[in-house]
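Each number in this note's numbering comes from the position in the sequence shown (counting from 1) with 499 added on. Where a beta carbon is used, it is the ideal one built from N, C-alpha and C, also for glycine. Here the structure is a predicted model, which is why all the values come from computation and not from measurement.
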Amino acid sequence: MNLIDLQKELNSIGVDKLSYSLSGGLPNECYCIDKEHGNWLVYYSERGGRSGLMKFKTETKACEYLLKVLTNDPTVFR
């Protein structure tokens, strides 16, 4: 799975686009995935900070993890 596959899956299951960012950064109150220093990061962004930070060596593992996190959070669905 890559970012394109993840985006398609999130769209198909009805995850609100405002609840995540596939381009990293520090948007307020959303889940993020980003590539930094050769690692893939998945975290929750809130008030300019990262919480629940997880690091992965591959894009696939990071995408799979973010998908799992999002599907287990009922507040992200439209």
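If you compare alpha carbons, which of the options is closest to residue i?
| i | options | result |
| --- | --- | --- |
| Lys516 | Gln506, Gly523 and Leu525 | Gln506 |
| Gly523 | Ala561, Asp504 and Gly513 | Ala561 |
| Lys534 | Leu521, Glu508 and Leu566 | Leu521 |
| Asp504 | Leu565, Tyr542 and Lys556 | Leu565 |
Helix, strand or coil for residue i per DSSP?
| i | result |
| --- | --- |
| Asp515 | coil |
Would you say residue i and residue j are within 7 Å of each other, going by their C-beta atoms?
| i | j | result |
| --- | --- | --- |
| Ser511 | Pro526 | no |
| Asn501 | Glu558 | yes |
| Val568 | Ser518 | no |
Could you name each continuous alpha helix (DSSP H) segment of 4 residues or more that falls completely within the stretch 503 to 572, going from the start of the chain to the end? Residue ranges of uninterrupted alpha helix (DSSP H) with 4 or more members, entirely inside the stretch 503 to 572 and ordered along the chain, are 558 to 570.
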